[in-house]
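> Counting from 1, one number per residue, gives the positions in the sequence shown under our numbering.
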Amino acid sequence: MLFIWIIILGFLQSAASLNINFLALFAVFAGLRKGPLAGLFIGIFIGGLAEALSSSPPGLNLMLYSALGLLSGAIKQKLYYREDIAMEFLFSFFGMILFYAGYFAFTRTAQAGVLFTIIFSTLISPLLFMLIDTTPTS
1 MLFIWIIILG FLQSAASLNI NFLALFAVFA GLRKGPLAGL FIGIFIGGLA EALSSSPPGL
61 NLMLYSALGL LSGAIKQKLY YREDIAMEFL FSFFGMILFY AGYFAFTRTA QAGVLFTIIF
121 STLISPLLFM LIDTTPTS
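1. With Met-160 as the anchor, note down where its alpha helix (DSSP H) starts and where it stops.
2. Ala-180: which of Gly-10, Leu-60, Leu-49 sits nearest, CA to CA?
3. Do you know offhand how far Thr-107's Cα is from Met-1's?
4. Output needed for Ile-44: all residues of its chain with C-beta closer than 7 Å, excluding positions within five of it in sequence on either side, in chain order.
5. Return the CA-CA distance between Ala-105 and Phe-26, expressed in angstroms with no decimal places.
6. Report all residues from its chain with a CB closer than 8 Å to the CB of Gly-10; omit the five preceding and five following residues, and keep chain order.
7. If Thr-122 sits next to Met-87, beta carbons under 8 Å apart, how far is it from one beta carbon to the other, in whole angstroms?
8. My output table needs one value for Asp-84: the three-state DSSP class, helix, strand or coil.
9. Quick one: give me the first and last residue of the alpha helix (DSSP H) that Ser-121 is part of.
10. When DSSP labels each residue in this structure, what does Leu-79 get in the three-state scheme?
11. With a 10 Å radius around its C-beta and 16 neighbouring C-beta atoms as the bar for buried, classify Leu-70 as buried or exposed.
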């Protein structure tokens with residue numbers, strides 16, 4: 001079911017007029033809820049899908065999404081915290097900052113409206129996480 005969510009969010013991200021990075025949020029979700037290894041593999045799948053639909057340098061999306069899934073899962077394992085909305089905001093916010101900082105570091109180009117994307121993606125993340133959590137797995 002997670003892979004169906006990736007495809008749905010990929011199409012939604014490419015078709016939506018709002019600049020929300022649904023795929024990066026899903027990589028953060030996978031790391032938080034499923035652990036670092038699952039976050040890595042789901043990030044690789046997301047990155048591969050983004051590579052096919054993107055004009056960015058080869059391998060960049062694959063690296064960024066997989067690192068985002070792996071790091072969110074690894075940091076979650078190192079920290080003991082209660083799963084609540086505040087932690088989802090924090091992980092989403094810092095995950096988005098990490099994603100766009102990595103994008104800037106490797107391409108040396110700043111995307112227009114990146115601050116809006118980070119803030120709006122962070123605000124929508126708890127709703128997206130709750131929606132994915134309540135979806136039946138079978």
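Cβ coordinates follow ideal geometry from the N, Cα and C atoms, glycine included. In this text the structure is predicted, and so the values were computed from the model without any measurement.
Based on what the coordinates show:
1. The question about residue 160 has no answer, for the chain in this structure spans 1 to 138.
2. Because the chain is modelled from 1 through 138, residue 180 falls outside the range shown and cannot be assessed.
3. Start at 1 with the first residue of the sequence shown, and residue 107 comes out as number 107. Start at 1 with the first residue of the sequence shown, and residue 1 comes out as number 1. Looking at the two C-alpha atoms, the distance is approximately 33 Å.
4. Within the sequence shown, the letter at position 44 stands for residue 44. For Ile-44, where only same-chain residues beyond five positions count, the Cβ hits under 7 Å are Leu-62, Ser-66.
5. Counting from one through the sequence shown, the residue named residue 105 turns up at place 105. Counting from one through the sequence shown, the residue named residue 26 turns up at place 26. In a straight line, the C-alpha of Ala-105 is about 22 Å away from that of Phe-26.
6. Locating residue 10 in the sequence shown gives position 10, counting from the first residue. So the list reads Phe-22, Leu-23, Ile-46, Leu-49, Ala-50, Leu-53, once near-sequence residues are dropped.
7. On the sequence shown, position 122 is the one that residue 122 refers to. On the sequence shown, position 87 is the one that residue 87 refers to. In fact, because the Cβ distance is near 12 Å, the residues do not count as touching under 8 Å.
8. Your numbering for residue 84 matches position 84 in the sequence shown. Coil.
9. Working through the sequence shown from its first residue, we reach residue 121 at position 121. Unbroken alpha helix (DSSP H) run through Ser-121: 114-133.
10. On the sequence shown, residue 79 is found 79 positions in, with the first residue counted as 1. It is coil, neither helix nor strand.
11. Locating residue 70 in the sequence shown gives position 70, counting from the first residue. Buried, by the Cβ-count rule.
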